[in-house]
Amino acid sequence: MKVGIQLYSVRNALAEDPYGTLAKVADIGFKYLEAANHDADNDDGVGFGVPADKLRKSLADLGMSIVGSHINPLKLERLPAVLDYHQELGNKQIGCDTEFYPYKDMDYLKRRCDLFNKVGEMCKERGMRYYYHNHYMECQRFEEGGPTIYEMVMENTDPSLVFCELDTYWFFRGGVNPIDYIKKYKDRLVLIHQKDFPENAPQPINMYDGIVDHGKEVTREIFRDTKDPLCFTEIGTGILPIQDIINAASDAPHQEYIVLEQDFTQLPELESIKRSMDAFHKFNGIEWA
Numbered sequence: 004m005k006v007g008i009q010l011y012s013v014r015n016a017l018a019e020d021p022y023g024t025l026a027k028v029a030d031i032g033f034k035y036l037e038a039a040n041h042d043a044d045n046d047d048g049v050g051f052g053v054p055a056d057k058l059r060k061s062l063a064d065l066g067m068s069i070v071g072s073h074i075n076p077l078k079l080e081r082l083p084a085v086l087d088y089h090q091e092l093g094n095k096q097i098g099c100d101t102e103f104y105p106y107k108d109m110d111y112l113k114r115r116c117d118l119f120n121k122v123g124e125m126c127k128e129r130g131m132r133y134y135y136h137n138h139y140m141e142c143q144r145f146e147e148g149g150p151t152i153y154e155m156v157m158e159n160t161d162p163s164l165v166f167c168e169l170d171t172y173w174f175f176r177g178g179v180n181p182i183d184y185i186k187k188y189k190d191r192l193v194l195i196h197q198k199d200f201p202e203n204a205p206q207p208i209n210m211y212d213g214i215v216d217h218g219k220e221v222t223r224e225i226f227r228d229t230k231d232p233l234c235f236t237e238i239g240t241g242i243l244p245i246q247d248i249i250n251a252a253s254d255a256p257h258q259e260y261i262v263l264e265q266d267f268t269q270l271p272e273l274e275s276i277k278r279s280m281d282a283f284h285k286f287n288g289i290e291w292a
């Protein structure tokens, strides 16, 4: 399994100097990049206003490649231009970044699943893939003993059109063991997001343990306001069972990359991803080139 970096980890540096930051990321040793475009209404690409041809040349000169990209908002009318851009880069897959589900609203959930299937079909027509990326909200259940939202999304989408980017950190923060989902959905798994949780975090690891209410809707505002920057640490320096995650994912037939991501750091961003890379070298079953 190859190791990549989610560019959201260096978003502030990229906003100031996209090409210079990519060169520094390459110098640190990362070759595989996942982008995070949070301005897809206005930007066809990776979110920093860089044209596809110039970015493609820069990546080639640096020996780097884009192996996925979050697209937000996810709109069918914008998708052709977005897919054109990413095909020019040589990127073969895109995904959602954050989804919010009104509590117990199955009609809304099914409408989103219909959208995911349509996005997947548009990607498939171009020889690309669409993947679903989770947070902890998908660990809610609409009824006691029922399936999680994540399981309902998987059940209501076509496995040939909607694949999985499984964020292990956010599943732990939703009170779910991601290894169970790695095994359950291994045929749909194409990417893993790996963050880490610090030993001295100010919140419990499970967000539903007194931070948010499992029986109420988690809105974007609640998600933002309860996301504590001190609950993130350099990957490989915290308490998550990363080697067990790698071992479990090794049986997934389409799993290609484990993508390191850190939403917040107390260090300069580039120093942070360097520290994560250094710490991550201790794990087995991975490669960097």
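Using the working numbering, the letters of the sequence shown map in sequence onto residues 4 to 292.
C-beta: ideal position from N, C-alpha, C; glycine also.
Collapsed DSSP secondary structure at residue i in the structure displayed
i	result
Tyr104	coil
Asp30	helix
Leu164	coil
Ser253	coil
His41	coil
Thr151	strand
Ile276	helix
His73	strand
Asp199	coil
Tyr135	strand
Gln143	coil
Residue i burial status per 10 Å Cβ neighbour count (16 or more: buried)
i	result
Tyr111	exposed
Asp47	buried
His73	buried
Asn287	exposed
Glu141	buried
Gly148	exposed
Asp56	exposed
Gln9	buried
Arg227	exposed
Gly23	exposed
Leu233	exposed
Ala243	Per the sequence shown, the amino acid found at residue 243 is Leu instead of Ala. That one is buried.
Arg223	exposed
Member of the options whose CA lies at the smallest distance from the CA of residue i
i	options	result
Ile208	Leu233, Lys198, Arg176, Tyr184	Arg176
Gly93	Ile261, Val85, Met140	Val85
Val13	Val193, Leu273, Gln246	Leu273
Tyr133	Leu77, Phe33, Gly149	Leu77
Glu367	Gly213, Val156, Pro256, Glu168	Nothing can be reported for residue 367, as the shown portion of the chain is limited to 4 through 292.
Asp212	Phe235, Asp190, Thr229	Thr229
Pro105	Cys99, Arg115, Ala251	Arg115
Asn137	Lys113, Asn120, Asp170, Phe119	Asp170
Val179	Asp100, Leu194, Glu154, Leu192	Glu154
Met210	Phe174, Leu25, Glu146	Phe174
Thr236	Asp254, Val215, Pro205	Pro205
Met125	Thr151, Lys60, Glu146, Lys95	Lys95
Leu192	Ser279, Cys99, Asp254	Asp254
Cys99	Thr151, Lys113, Phe166	Phe166
CB contact flag (residue i, residue j, <9 Å)
i	j	result
Ile69	Glu19	no
Arg81	Asp44	yes
Asn40	Asn75	yes
Ile1	Pro181	In the structure as shown, the chain starts at 4 and stops at 292, and residue 1 therefore has no counterpart that could be examined.
Gln197	Val262	yes
Pro83	Phe51	no
Tyr135	Glu102	yes
Ala292	Ile238	no
Asp183	Pro256	no
Tyr35	Tyr172	no
Ala251	Met4	no
Ile97	Ile276	no
His217	Gln269	no
Gly71	Phe33	no
Tyr11	Asp231	no
Gln258	Leu194	yes
Leu118	Leu79	yes
Residue i CB to nearest heavy atom of the ligand ZN below 8 Å
i	result
Ile248	Among the ligands in the structure shown, none appear at all, so the ligand ZN cannot be discussed.
Is the segment 196-205 in contact with the segment 153-165, if contact means three or more CB pairs nearer than 8 Å? no
Below 8 Å, how does it come out for the segment 146-161 and the segment 59-76: are there three or more Cβ pairs, yes or no? no
Would you call the segment 123-132 and the segment 87-102 in contact, with 3 or more CB pairs under 8 Å? yes
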